[in-house]
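Residue numbers (the numbering used here), protein chains in the order written: chain A, 2 to 327; chain B, 16 to 208.
Note that beta-carbon positions come from the ideal geometry of N, C-alpha and C, so glycine has one too.
#1: Could you name the residues of chain A that residue 212 (chain B) contacts, counting a contact when the two beta carbons are closer than 8 Å?
#2: What are the residues of the stretch 155-172 of chain B that lie near chain A, defined by any Cβ-Cβ distance shorter than 7 Å?
#3: Looking at the structure shown, is residue 299 (chain A) part of a helix, part of a strand, or coil, going by DSSP?
#4: Within 8 Å, do at least three Cβ pairs link the stretch 59-76 of chain B to the stretch 97-106 of chain B?
#5: According to DSSP, is residue 18 (chain A) part of a helix, a strand, or is it coil?
#6: Tell me where the beta strand (DSSP E) around residue 311 (chain A) begins and ends.
#7: Can you tell me which residues form a DSSP beta bridge with residue 183 (chain A)?
#8: Hey, would you say residue 189 (chain B) sits closer than 8 Å to residue 134 (chain B), going by beta carbons?
#9: Based on Cα-Cα distance, which residue from A:165, A:172, A:140 and A:162 lies nearest to residue 152 (chain A)?
#10: Considering only DSSP beta bridges, list what residue 228 (chain A) is partnered with.
#11: Using 8 Å for Cβ pairs, my map puts residue 160 (chain A) next to residue 179 (chain A). What's the rounded Cβ distance?
#12: Tell me the rounded alpha-carbon separation between residue 198 (chain B) and residue 111 (chain B).
#13: Alpha carbon to alpha carbon, what distance is there between residue 188 (chain A) and residue 252 (chain A)?
#14: What does residue 147 (chain B) touch in chain A if you count any residue whose Cβ is under 7 Å from its own?
#15: Would a C-beta distance cut-off of 8 Å place residue 70 (chain B) and residue 41 (chain B) closer than the cut-off?
#16: Please work out which residues of its chain come closer than 7 Å, Cβ to Cβ, to residue 216 (chain A), disregarding the five sequence neighbours upstream and downstream, and give them in chain order.
#17: Once DSSP output is grouped into helix, strand and coil, what is the label at residue 199 (chain B)?
#18: Among B:147, B:37, B:138 and B:195, which has the Cα closest to the Cα of residue 15 (chain A)?
#19: Just checking my contact of residue 190 (chain A) with residue 175 (chain A) at CB under 8 Å: how many whole Å lie between their CB atoms?
#20: On a CA-only basis, which of A:259, A:237, A:232 and A:212 is nearest residue 243 (chain A)? Give me that one, please.
#21: What are the residues that DSSP puts in a beta bridge with residue 325 (chain A)?
#22: Given 8 Å as the limit, is there contact between the stretch 316-323 of chain A and the stretch 21-36 of chain B, that is, 3 or more CB pairs closer than that?
#23: Applying the 10 Å Cβ sphere with the 16-neighbour rule, what's the burial state of residue 232 (chain A)?
#24: Our contact map puts residue 138 (chain A) next to residue 164 (chain A) with C-beta atoms below 8 Å; I'd like the distance itself, whole angstroms only.
#25: So, is residue 53 (chain A) buried or exposed, given that buried needs 16 or more other C-beta atoms within 10 angstroms?
#26: Strictly under 8 Å for the Cβ-Cβ distance: is residue 1 (chain A) near chain B by that measure?
#27: Alpha carbon to alpha carbon, how far is residue 143 (chain B) from residue 120 (chain B)? Give it in angstroms, no decimals.
#28: Which of the three DSSP states is assigned to residue 152 (chain A) in this structure?
#29: In whole angstroms, what is the alpha-carbon distance linking residue 241 (chain A) and residue 98 (chain A)?
#30: Any heavy atom of the ligand MN closer than 7 Å to the Cβ of residue 179 (chain A)?
#31: Apart from the five residues just before and just after residue 311 (chain A), which ones in its own chain have a Cβ nearer than 6 Å to its Cβ?
#32: For residue 155 (chain B), which residues from the same chain have a beta carbon less than 8 Å from its beta carbon, with the 5 sequence-adjacent residues on both sides left out?
#33: What do you get for residue 317 (chain A), buried or exposed, if any count of 16 or more other CB atoms within 10 angstroms of its CB means buried?
#34: What is the DSSP secondary structure of residue 261 (chain A), reduced to helix, strand or coil?
#35: Within the chosen definition, does the stretch 71-87 of chain B reach the stretch 66-80 of chain A through at least 3 CB pairs nearer than 8 Å?
#36: Using the C-alpha atoms, what's the distance from residue 36 (chain B) back to residue 28 (chain B)?
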């Protein structure tokens with residue numbers, strides 16, 4: 002067979018020998034033997050020093066491309082494994098989280114004492130909060146809100162400053178406790194502004210019903226949508242207002258409608274966290290109408306100086322705006 | 016032409032993802048593998064596809080190949096497996112098998128599609144005895160021993176060119192004689208039937 006294979010390999014077979022060698026090569030049983038026969042010629046061919054410098058750049062290019070493609074596939078497989086790993090990690094994290102939540106729940110159930118949470122906003126900043134019952138609160142700048150981490154019987158929160166509430170309907174009343182009295186509601190949206198330092202209190206109702214329980218008195222005020230209760234020197238009065246001027250702040254807009262100059266300045270101070278002083282009492286008689294949305298404080302000051310016969314000055318060191326009449 | 020080919024060094028570079036070492040391997044091995052594959056498969060078509068697979072597999076396994084010895088046995092293993100598989104599947108197709116047969120049979124039988132090769136072989140053997148001694152010696156070494164022209168030249172201490180000259184002269188003589196024989200046998204056939 003060795004000789005026959007040799008003749009086959011060298012293409013010098015006698016026609017009658019072909020069927021025998023073909024059958025031999027085609028039989029799987031002879032594989033090891035065929036490999037052995039091949040080996041001899043392989044050695045010769047590979048170690049041949051004098052071969053034609055046959056080359057095939059196109060094939061080399063094809064090989065390189067296949068390798069590149071193969072690399073991409075491998076990289077994708079790696080990414081797949083990585084993704085799979087991420088999923089496993091996510092499941093583990095979720096499981097741990099659930100364990101924690103259960104433990105936390107048990108801990109809070111055992112502990113019926115209300116823990117209070119206080120949120121304060123600095124001047125020039127606003128925030129919004131979701132309360133444990135799902136009610137939404139927009140807290141204006143320079144305000145403080147205190148609420149329990151879990152409402153047990155009543156929903157009582159305390160406020161100093163200004164906030165807009167969108168209260169989730171619920172069987173237990175929602176009470177905003179202020180220095181001037183309690184604002185009691187069920188499910189409604191309203192704005193409360195309560196400034197002990199300024200002796201200012203106003204509650205504006207957008208929708209629903211609000212009961213204002215005046216502190217240290219038997220008086221109760223019931224508000225209908227579009228009404229506002231304001232503290233005056235004589236007590237509390239109710240008036241009809243355009244609510245947008247009182248609630249627009251939560252949407253990042255300051256809207257003024259014939260706003261007296263002192264109130265206007267105070268709002269600006271809170272909004273921008275700046276100090277604005279003026280010493281001409283004549284300015285107190287001015288009022289301002291307009292909307293501030295994206296303007297910077299310098300732009301606002303520029304507007305003021307154009308609308309009224311005033312000029313302004315900013316002191317870099319004290320960070321105070323001074324307004325003077327011309 | 017004679018470029019230094021240091022397989023050990025190239026294999027080391029290959030393991031370091033060096034594309035250029037693959038190119039060096041290709042330049043050295045491609046013509047040699049091609050000759051080997053052609054001798055084994057006979058049909059040239061499809062050889063490039065097989066060799067592509069060989070080089071891609073070498074690249075994929077480059078990290079496992081750390082010296083020239085493992086490289087040598089590795090490249091042989093892949094190539095022989097691919098070639099034998101390919102040959103087997105070709106031999107199972109009658110048309111391709113016939114093609115392989117034609118390409119593996121000695122030239123002097125090529126122009127005859129006769130299946131009475133026993134008769135033909137006897138005629139060829141007779142004709143071999145009619146050619147000059149030197150030519151006969153060379154022709155027998157090629158046909159009976161399956162030696163290449165180069166091997167014959169080395170064995171007889173003559174040049175490859177001389178071997179080629181004698182081989183073609185011998186072949187020409189046998190062919191011419193067979194042609195006459197073929198025509199004669201056909202005439203013979205018609206006269207008697």
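By the coordinates alone:
#1: Outside the shown range of chain B (16 to 208) lies residue 212 (chain B), about which nothing can therefore be said.
#2: 157, 158, 161 and 163
#3: helix
#4: yes
#5: helix
#6: 311-316
#7: A:178 and A:214
#8: no
#9: A:172
#10: A:241
#11: 6 Å
#12: Residue confidence for residue 198 (chain B) is low, a pLDDT of 48 falling below 50, so the modelled location carries little weight; the figure read from the coordinates is stated next. Those two C-alpha atoms are separated by around 29 Å.
#13: 21 Å
#14: Those within 7 Å of residue 147 (chain B) in chain A number zero; the least Cβ separation is about 20 Å.
#15: yes
#16: 181 and 182
#17: Unreliable placement is indicated for residue 199 (chain B), whose pLDDT of 49 sits below 50; no coordinate value is reported for it.
#18: B:138
#19: With a Cβ gap of about 11 Å, residue 190 (chain A) and residue 175 (chain A) do not count as contacting.
#20: A:259
#21: A:312
#22: no
#23: buried
#24: 5 Å
#25: exposed
#26: As shown, chain A starts at 2 and ends at 327. That puts residue 1 (chain A) outside it, with no answer to give.
#27: 17 Å
#28: coil
#29: 50 Å
#30: Within the structure as shown, the ligand MN is missing, as the structure has no ligands at all.
#31: 324 and 326
#32: 143
#33: exposed
#34: strand
#35: yes
#36: 6 Å
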